[in-house]
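Visitor: Residue numbers (the UniProt record's numbering), protein chains in the order written: chain B, 1 to 895; chain Y, 1 to 895.
Number of protein chains: 2
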Amino acid sequence: RSGGTGGSVGTMASESEAQRALQYEQTLMYGRYTQDLGTFAKDEAARLRLQQGHGEGDSPRPRHPSELLEYTQGRCAPCRVCALQCQRFLISKVGEDWVFLILLGLVMALVSWAMDFAIATCLQAQKWMYGGLDTNVFLQYLAWVTYPTVLITFSAGFTQILAPQAVGSGIPEMKTILRGVVLKEYLTFKTFVAKVIGLTCALGSGMPLGKEGPFVHIASMCAALLSRFLSLFGGIYENEARNIEMLAAACAVGVGCCFAAPIGGVLFSIEVTSTFFAVRNYWRGFFAATFSAFIFRVLAVWNKDEETITALFKTRFRLDFPFDLQELPAFAVIGIASGFGGALFVYLNRKIVQFMRRQKTINRFLMKKRLLFPALVTLLISTLTFPPGFGQFMAGQLTQKDTLVTLFDNQTWTKQGLNDEFEYLGILEAWRHPRSSVFVTLIVFILMKFWMSALATTIPVPCGAFMPVFVIGAAFGRLVGESMAAWFPDGIHTNSNTYRIVPGGYAVVGAAALSGAVTHTVSTSVIVFELTGQISHILPVMIAVILANAVAQSLQPSLYDSIIRIKKLPYLPELGWGHHEKYNVRVEDIMVRDIRYVTLNCKYRDLQHVLQSTRMKSLPLVESAESMILLGSIERAQVGALLNHQLSPQRRLQALRQKALAEDGHRLSEASICFQINTEASSGAPTRINPRKPLKPALKRVPSGPVETAPAGTTDHTGIALKSLFCANTTTEPIEAQGMAYRKAKHVRISIVEEMDLGDRMTPAEILDWEEQQLDQLVDFSSAKIDPAPFQLVEHTSLHKTHTIFSLLGLDHAYVTSIGRLVGMVSLKELRKAIEGSLTAKGVKVRPPLASFRDSTASATEPDTTALRQLWDRHQHHHMPREASPGSDDGDELP
Amino acid sequence: RSGGTGGSVGTMASESEAQRALQYEQTLMYGRYTQDLGTFAKDEAARLRLQQGHGEGDSPRPRHPSELLEYTQGRCAPCRVCALQCQRFLISKVGEDWVFLILLGLVMALVSWAMDFAIATCLQAQKWMYGGLDTNVFLQYLAWVTYPTVLITFSAGFTQILAPQAVGSGIPEMKTILRGVVLKEYLTFKTFVAKVIGLTCALGSGMPLGKEGPFVHIASMCAALLSRFLSLFGGIYENEARNIEMLAAACAVGVGCCFAAPIGGVLFSIEVTSTFFAVRNYWRGFFAATFSAFIFRVLAVWNKDEETITALFKTRFRLDFPFDLQELPAFAVIGIASGFGGALFVYLNRKIVQFMRRQKTINRFLMKKRLLFPALVTLLISTLTFPPGFGQFMAGQLTQKDTLVTLFDNQTWTKQGLNDEFEYLGILEAWRHPRSSVFVTLIVFILMKFWMSALATTIPVPCGAFMPVFVIGAAFGRLVGESMAAWFPDGIHTNSNTYRIVPGGYAVVGAAALSGAVTHTVSTSVIVFELTGQISHILPVMIAVILANAVAQSLQPSLYDSIIRIKKLPYLPELGWGHHEKYNVRVEDIMVRDIRYVTLNCKYRDLQHVLQSTRMKSLPLVESAESMILLGSIERAQVGALLNHQLSPQRRLQALRQKALAEDGHRLSEASICFQINTEASSGAPTRINPRKPLKPALKRVPSGPVETAPAGTTDHTGIALKSLFCANTTTEPIEAQGMAYRKAKHVRISIVEEMDLGDRMTPAEILDWEEQQLDQLVDFSSAKIDPAPFQLVEHTSLHKTHTIFSLLGLDHAYVTSIGRLVGMVSLKELRKAIEGSLTAKGVKVRPPLASFRDSTASATEPDTTALRQLWDRHQHHHMPREASPGSDDGDELP
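#1: Among Asn549(Y), Ala250(Y), Ile501(Y) and Leu479(Y), which has the Cα closest to the Cα of Gln326(Y)?
#2: How long is the line joining the alpha carbons of Lys785(Y) and Ala625(Y), rounded to whole angstroms?
#3: Pull out every residue of the stretch 255–276 of chain B whose Cβ sits closer than 8 angstroms to any Cβ of chain Y, in chain order.
#4: Spell out whether any CB of chain B is found under 8 angstroms from the CB atom of Leu325(Y).
#5: With H, G and I counted as helix, E and B as strand and the rest as coil, what does DSSP make of Ala143(B)?
#6: Grouping DSSP H, G and I as helix and E and B as strand, with all else coil, what is Pro148(Y)?
#7: Since I believe Leu531(Y) is in contact with Phe313(Y) (beta carbons under 8 angstroms), could you give me their beta-carbon distance rounded to a whole number of angstroms?
#8: Enumerate in chain order the residues of its own chain whose CB-to-CB distance from Val438(B) is below 8 angstroms, with the five nearest sequence positions on each side excluded.
#9: Mind listing the chain B neighbours of Gln534(Y)? Cutoff is C-beta to C-beta under 7 angstroms, in chain order.
#10: Are the stretch 224–232 of chain Y and the stretch 253–271 of chain Y in contact at 8 angstroms, needing three or more beta carbon pairs?
#11: Closest Cβ-Cβ distance between Thr383(B) and chain Y: below 8 angstroms?
#12: Under three-state DSSP, which class holds Asp769(B)?
#13: Can you find a C-beta in chain B that's less than 8 angstroms from the C-beta of Val145(Y)?
#14: Going by alpha carbons, who is nearest to Gln411(Y) out of Ala507(Y), Arg357(Y) and Asp561(Y)?
#15: So who's on the other strand from Gln777(Y), going by DSSP bridges?
#16: Buried or exposed for Lys368(B), please, with buried defined as at least 16 other CB atoms from any protein chain shown within 10 angstroms of its CB.
#17: Please name the residue, chosen from Gln777(B), Arg651(B) and Met591(B), that lies closest to Thr802(B) on a Cα-to-Cα basis.
#18: Going along chain Y, which residues have a C-beta under 8 angstroms from Val301(B)?
#19: Please state the DSSP three-state secondary structure of Leu312(Y).
#20: Please say whether Trp283(B) and Val522(Y) have beta carbons closer to each other than 8 angstroms?
#21: In this structure, what does DSSP give as the bridge partners for Glu635(Y)?
#22: Are there 16 or more other CB atoms within 10 angstroms of the CB of Glu771(B), so buried, or fewer, so exposed?
#23: How would you write the range of the beta strand (DSSP E) that Met825(Y) sits in, first residue to last?
#24: Applying the 10 Å Cβ sphere with the 16-neighbour rule, what's the burial state of Ser782(Y)?
#25: How should Leu871(Y) be labelled, buried or exposed, when 16 other C-beta atoms within 10 angstroms of its C-beta is the threshold for buried?
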């Protein structure tokens with residue numbers, strides 16, 4: 001990191017998430033994540049070295065070198081230099097952002113259009129097969145059922161094999177990535193291919209699945225790949241902050257070109273993925289999404305599907321009198337009911353996932369037969385929608401698109417006036433049943449589709465839930481609209497003109513309300529305007545969407561937040577609607593006071609103690625245990641490296657050699673040259689990986705033998721103190737073990753080289769002695785990399801402000817200081833607990849409502865002053881006996 | 001402030017702004033601002049005391065006590081307690097946010113509707129007068145001209161007298177307020193009244209002025225007042241963070257109920273006022289704006305103006321084929337031309353203001369006759385629009401609303417087909433001129449209205465520029481559309497169907513593009529959809545708006561940013577479109593290294609030196625000049641207070657008394673009691689104001705005489721060193737003088753009391769001696785209020801990141817540290833200079849484009865390590881001779 005302002009902005013997941021991620025590996029569905037690109041690179045490097053040493057890998061999943069290369073930036077260096085000179089003038093003239101955005105929009109429009117085309121072809125094929133076999137109902141059923149089952153199974157299998165990260169919606173992961181967490185292999189080309197093909201097959205099956213969420217993910221991958229491709233032409237594309245901005249724009253493009261809704265796309269992507277949005281990124285999203293939507297629709301015109309560019313689901317409601325004021329209560333009812341429905345959908349979806357996980361026997365069986373679950377679900381759903389069977393009561397033969405077209409239809413399906421029976425034409429035919437009314441069909445459709453959609457979205461294929469929910473909402477709106485039309489056949493308005501009720505308008509309102517409730521967004525209203533091409537129902541839509549949001553948000557998290565929790569991704573919950581009591585909780589109420597720290601004048605033994613006693617990813621560096629003045633933050637890995645270096649057999653042997661040098665002068669001259677090289681390579685920057693160069697010569701001399709037994713054998717009599725430390729960590733922290741592998745590998749490598757040259761002349765007892773002696777030395781921090789300005793809070797910062805700052809800066813933890821003195825720490829975990837209120841019993845004293853008002857003037861400055869006075873006093877009388885301050889119980893360890 | 005996390009989030013204006021604000025006091029138009037509520041309260045308290053003491057005020061503008069009371073929260077305490085108990089249950093049940101938002105929406109809808117009604121009546125009256133006098137053209141002219149002149153003059157005078165803050169748009173000020181700066185008297189009831197009445201009169205005059213910007217301001221004032229009103233029922237409304245959130249929602253309400261455009265209102269207000277937007281506030285804006293727009297339109301229905309709720313400027317373009325693909329180039333042309341036009345408008349507007357200011361003679365004359373300028377401008381504009389005169393060539397008789405209705409008209413004004421002349425009906429008549437074509441009328445209209453609008457918006461009345469620009473854009477679009485219609489009379493499409501070109505659609509596109517270009521927003525597109533009730537032209541509108549933005553943003557700042565600069569409000573410029581080079585400038589390139597600081601173990605003399613040598617609002621507090629470890633930040637006022645207290649005559653006399661006590665034991669017993677009281681009151685918390693209690697008894701004993709001459713006479717022989725310090729400051733920093741007034745006042749008060757009791761027994765020489773002696777004492781910081789966690793950056797932070805953090809957290813300055821050591825400071829000023837590139841000559845070394853890429857691994861940790869090593873070395877060898885570090889040139893002053 002070039003400069004960690006205010007702590008780790010490009011943040012890592014905290015300890016607890018890492019642990020959860022482990023649990024998560026055993027779970028049924030969805031992709032995996034790891035914490036940090038750096039850690040990943042280190043692990044990989046270590047593993048690769050070990051593998052190269054062993055000749056074969058012992059890790060369960062063999063990795064290809066290409067996988068690793070995706071994370072290195074150094075390839076094609078000569079090609080890059082050449083291209084640079086050619087393109088420099090062009091690039092400097094053209095500017096990059098808009099070129100990038102146009103390319104992104106173009107590619108995504110092509111992808112979207114091609115996928116739509118493929119999906120339409122798939123659906124057409126199913127219809128054709130079903131229609132062609134109309135002589136035999138059983139054959140028809142077989143065709144109707146087999147076709148989607150095969151497609152879904154293929155999709156599930158394909159994504160499982162190629163890239164399990166492609167499973168699911170993608171919006172929750174994008175939200176996490178935009179918060180600054182790096183998810184492993186989430187934006188690679190392999191995932192892109194898996195997602196595109198998997199999604200096409202999944203949607204081609206006709207299951208109630210959506211393409212919106214996956215499109216956000218696809219667009220993000222597209223942006224990441226494009227950015228990597230364009231980085232061949234210049235260094236600008238390699239900036240992390242810029243990449244995040246481009247990813248935000250890509251999310252907008254994803255929604256925009258999925259629905260041909262640029263404005264709605266931008267807003268929806270902002271609402272769904274961001275907590276704080278930079279307005280300066282706004283135009284990027286608009287620009288790219290507009291261009292993408294434009295190309296997407298122009299392709300339809302060029303393909304002669306449309307005469308000109310219009311909306312995707314164009315409606316033709318009357319403009320002069322779209323709705324009556326007295327219809328507004330009905331719209332409000334739709335909104336409130338959709339709110340409950342949306343919350344129920346999220347609840348149902350979560351319960352299905354949890355049920356599948358909790359049932360151990362089912363789970364074990366399904367884990368073995370990964371493709372069985374998708375196949376079974378598809379079989380069940382397609383059986384129920386079989387048109388000659390139960391499907392006749394729920395318009396089963398209609399595809400999702402046809403369903404929407406019919407639901408948004410301009411006509412009234414129930415009796416118009418008094419005596420004319422409505423003629424169902426074309427695809428509207430599907431909604432009519434000879435022995436039941438359209439109301440029954442609609443109700444059955446809504447009920448069946450509801451649980452089907454909730455179930456189908458848990459299938460491990462690339463799929464979203466937005467469209468299914470949108471359709472259900474439209475059907476519910478239509479139901480209310482048709483009821484209103486039946487109730488008031490001549491309209492409510494009793495003036496001269498007769499304005500009949502337009503049930504299609506209700507369908508639009510219902511669609512926006514239910515999808516808004518499930519996703520907790522209000523921008524679904526904009527999406528429906530752009531989707532239908534009419535904005536006349538703006539007020540009913542807005543009212544219904546806001547009411548639906550109000551109800552749903554007070555009952556359940558959004559679908560995406562729910563998935564984030566299920567997947568155990570690192571997140572920070574929102575403060576919620578009525579969060580005023582959050583102003584009264586302060587950092588001092590939730591902070592961890594008992595933190596381990598490193599002092600500037602500590603000994604290596606202290607480092608060892610600290611590493612043993614805490615699992616924190618980064619440790620605060622303070623001036624001294626007395627002053628507790630915070631100087632910076634040092635990563636755990638760095639502390640380990642320092643300790644590692646101090647106790648390295650290399651140094652031990654060097655010491656030994658110096659002693660030996662007194663005995664015989666020139667015997668080791670040759671070996672010492674070899675030493676110099678190795679020392680240089682590994683001591684300068686202990687954690688920076690110099691990919692292969694120092695490794696190969698070292699390993700060439702050791703063809704076999706010691707390496708196999710290295711972790712067990714060699715370290716047995718080198719670095720005993722160190723080993724006990726690492727072993728302790730290995731047992732308690734399984735995730736850490738992986739990270740240690742690299743250090744061990746290095747350790748082993750060095751010791752091998754030296755054993756070759758010198759042999760080990762020290763007995764274990766001598767080594768222990770030497771190590772004890774080394775541990776008592778003062779730590780030399782000069783080679784460690786220290787974050788010089790970690791983010792600091794003060795004790796009186798309110799929870800609300802802390803939440804704001806954490807989500808603004810994407811922090812993972814912050815130190816609490818008081819006039820430079822470290823007094824505590826707040827991490828994402830504490831914050832989350834405090835917001836969710838689970839910590840109340842364990843220590844958060846929620847202040848009475850007016851507490852902050854009462855003591856706003858009196859007590860605010862009190863502790864600051866006291867702390868300052870102590871500091872000042874101390875300065876007057878130098879090195880007073882240290883006072884027992886409350887936040888430093890671990891001072892006993894550090895003399 | 002309850003806890004300043006990471007520095008002063010609720011920030012104050014920096015030094016330079018304060019100075020500019022002074023310049024600004026002399027300028028012609030717009031309101032004033034000051035930096036900080038706290039400072040304001042102090043100033044006011046000091047002034048009020050002085051006034052009470054003097055019996056009459058010597059400030060030019062007498063203040064009423066009620067003005068001050070608005071800033072105290074303590075009134076009505078018994079009433080509040082009573083109300084609390086009654087309402088507690090209700091409030092806890094109901095929740096507050098939505099109640100507040102509903103109330104806000106309701107009030108604003110009523111205000112908007114009532115104002116529209118009043119404006120329509122005013123315009124009707126003018127039309128009626130003009131129509132009634134059609135016998136005599138001269139009388140007609142008189143009526144046509146006098147009416148708006150009187151209204152504008154009244155508006156200007158009224159706002160000038162009641163609240164000069166009400167002048168202008170209000171959006172620039174709201175942007176500043178939402179950034180965290182407190183503008184004086186900007187959200188008071190008086191300003192509210194002035195703005196509402198002033199705006200009604202201004203718009204009623206028929207000048208080309210808008211109501212959007214002022215409505216944002218009105219809604220914000222409404223929210224602030226409502227929040228203050230509701231705070232009578234509970235303490236929740238008094239939270240600062242919450243108030244900012246509510247202000248953001250209020251801005252959305254302002255736009256929303258002005259245009260009945262809730263979505264556009266929310267987006268426009270976000271784009272115009274925020275740099276980073278919290279998505280959690282999103283629903284607030286939507287909720288309030290929707291409710292407000294709903295009520296606003298329902299009022300129209302109830303008033304029988306409309307049959308049902310529809311758009312404000314409803315269009316009736318055909319839905320099936322809104323535009324041809326081949327028309328898109330024409331829309332793009334509109335966009336690009338609008339971009340240039342928008343930039344020109346902003347430029348023209350700024351130049352007019354600057355011209356008026358620069359011309360000293362004009363300026364002086366106009367300053368004397370404040371109402372002359374508005375009257376002259378109105379006279380000029382209304383003369384030119386006089387319908388029988390020049391107005392006949394520019395549809396002068398149409399009001400702004402009628403103009404828009406006609407421009408968005410569905411029909412084509414030029415020849416339809418080959419032989420039928422279009423019949424102009426109703427208000428369309430105005431566009432026809434017997435001797436010229438409609439093109440000439442349109443061109444004249446655009447040209448005349450362009451400079452008229454730019455000129456009219458500089459009149460010091462409450463007015464916005466959005467609507468005038470919107471109308472000009474619509475006219476321009478209409479012009480292009482009519483040209484296209486004349487060029488392709490049968491439409492471009494050569495298929496079977498003939499789809500004629502719809503010039504009204506072009507008008508919509510032009511309106512969105514020009515207003516988008518002037519305000520640098522893309523959400524004007526959403527506003528036109530909501531305003532016209534049709535979204536069919538979404539793609540042309542989006543394309544034109546984005547192109548217009550691209551052009552305008554590369555040429556000029558937005559109108560609001562331009563006004564911010566003219567008014568010298570504290571601001572941070574945007575990074576702009578192609579800001580990639582900003583990644584390569586780092587904090588170390590722009591930071592001020594030569595900063596003054598306060599050490600923990602410094603003497604009072606050092607404080608004096610620091611105060612004399614710097615103008616910084618807050619000073620860093622470091623551990624010692626050797627370590628430079630940053631402990632916190634102390635405000636300048638606090639340092640002054642410390643010094644003040646140390647040199648106070650009170651302490652001097654106490655010292656004197658102790659000496660005297662040795663001489664005679666009991667003579668001063670009575671006086672000493674009086675001293676005890678006074679010492680308690682003023683030493684405990686030097687800057688906290690205990691409103692009246694300690695003041696009154698002190699002043700009662702001094703009926704007259706010494707007080708009048710106090711500032712000149714009494715301090716003459718008390719606190720000589722202090723005085724020289726303050727005098728030095730007074731001459732160099734005129735704004736500081738006001739702030740010093742309070743301190744002086746206190747000083748004077750105390751000295752008076754003591755002189756009464758003791759007389760002055762010391763000669764000036766003795767005093768000087770005593771003061772020199774006092775200055776050599778070590779500073780006791782225990783009574784000072786210190787911000788324990790000011791925001792810190794590191795040297796390698798990129799300009800881009802710094803900008804993000806400054807705008808995210810609303811910072812005013814940040815310290816640059818390196819492993820706890822203070823090495824520099826960055827304030828808004830440096831950042832602004834670096835972004836605007838004006839500092840390049842003076843020291844910013846802009847790195848070569850790929851520099852950050854090249855040295856990202858090698859050099860990043862180098863200086864940190866060096867700094868750390870120094871620190872470590874120093875700790876090893878205690879108190880080494882101090883090294884000459886580059887960032888501490890002022891160390892010579894501080895031993």
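Note that beta-carbon positions come from the ideal geometry of N, C-alpha and C, so glycine has one too.
Guide: Taking the coordinates as given:
#1: Residue mapping note: residue 326(Y) aligns to position 326 of the second sequence, counting from 1. Answer by Cα proximity: Ile501(Y).
#2: Translated into positions along the second sequence, residue 785(Y) becomes position 785. Translated into positions along the second sequence, residue 625(Y) becomes position 625. Roughly 21 angstroms between the two C-alpha positions.
#3: Pro262, Ile263, Leu267, Ile270, Glu271, Ser274, Thr275 and Phe276
#4: Against the second sequence, residue 325(Y) aligns to sequence position 325. Yes, because at least one Cβ of chain B sits closer than 8 angstroms to the Cβ of Leu325(Y).
#5: Position 143 of the first sequence, counting from 1, holds the residue named residue 143(B). Correct three-state label for Ala143(B): helix.
#6: In the second sequence, residue 148(Y) corresponds to position 148, counting from 1. Note: Pro148(Y) maps to helix in three-state DSSP.
#7: Taking the second sequence and counting its residues from 1, the one referred to as residue 313(Y) is at position 313. Taking the second sequence and counting its residues from 1, the one referred to as residue 531(Y) is at position 531. At roughly 5 angstroms, the Cβ-Cβ gap stays under 8 angstroms, so Phe313(Y) and Leu531(Y) are in contact.
#8: In the first sequence, the residue the question calls residue 438(B) occupies position 438. Excluding positions up to five away in sequence, the list reads Trp413, Thr414, Trp431, Arg432 and Glu482.
#9: Against the second sequence, residue 534(Y) aligns to sequence position 534. Per Cβ cutoff of 7 angstroms: Ile535.
#10: no
#11: Within the first sequence, the letter at position 383 stands for residue 383(B). Taking Cβ atoms only, chain Y never reaches closer than 8 angstroms to Thr383(B), which makes this a no.
#12: For the purposes of this step, residue 769(B) is taken as the residue at position 769 of the first sequence. Reduced to three states, the DSSP call for Asp769(B) is helix.
#13: Reading the second sequence from its first residue, position 145 is the one you call residue 145(Y). By this cut-off, Val145(Y) is not an interface position.
#14: Taking the second sequence and counting its residues from 1, one reaches residue 411(Y) at position 411. The residue with the shortest Cα to Cα distance from Gln411(Y) is Ala507(Y).
#15: As a working mapping, residue 777(Y) is identified with position 777 in the second sequence. In the DSSP output, where bridge partners are listed per residue, Gln777(Y) has none listed.
#16: Walking along the first sequence from the start, residue 368(B) turns up at place 368. Looking at its Cβ environment, which holds fewer than 16 other Cβ atoms inside 10 Å, Lys368(B) is exposed.
#17: The sequence position of residue 802(B) within the first sequence is 802, counting from 1. Out of Gln777(B), Arg651(B) and Met591(B), Met591(B) has the C-alpha closest to the C-alpha of Thr802(B).
#18: Along the first sequence, read from residue 1 onward, the residue named residue 301(B) stands at position 301. By Cβ distance, chain Y contributes Leu325.
#19: Numbered from 1 along the second sequence, position 312 holds the residue referred to as residue 312(Y). Leu312(Y): coil per DSSP, three-state reduction.
#20: Working through the second sequence from its first residue, we reach residue 522(Y) at position 522. Working through the first sequence from its first residue, we reach residue 283(B) at position 283. Contact flag set, yes.
#21: The residue labelled residue 635(Y) in the question sits at position 635 within the second sequence. Note: Glu635(Y) sits in a beta bridge opposite Ser618(Y).
#22: Residue 771(B) sits at position 771 when you count from the first residue of the first sequence. Answer is buried; the Cβ neighbour count reaches 16.
#23: Start at 1 with the first residue of the second sequence, and residue 825(Y) comes out as number 825. Arg821 to Ser827 is the extent of the beta strand (DSSP E) around Met825(Y).
#24: Locating residue 782(Y) in the second sequence gives position 782, where the first residue counts as 1. By the neighbour-count rule (16 or more Cβ atoms within 10 Å), Ser782(Y) is not buried but exposed.
#25: Against the second sequence, residue 871(Y) aligns to sequence position 871. Bear in mind that a pLDDT of 47 at Leu871(Y), under 50, signals an unreliable position, so the number given afterwards is only what the model happens to contain. Buried: at least 16 other Cβ atoms inside 10 Å.
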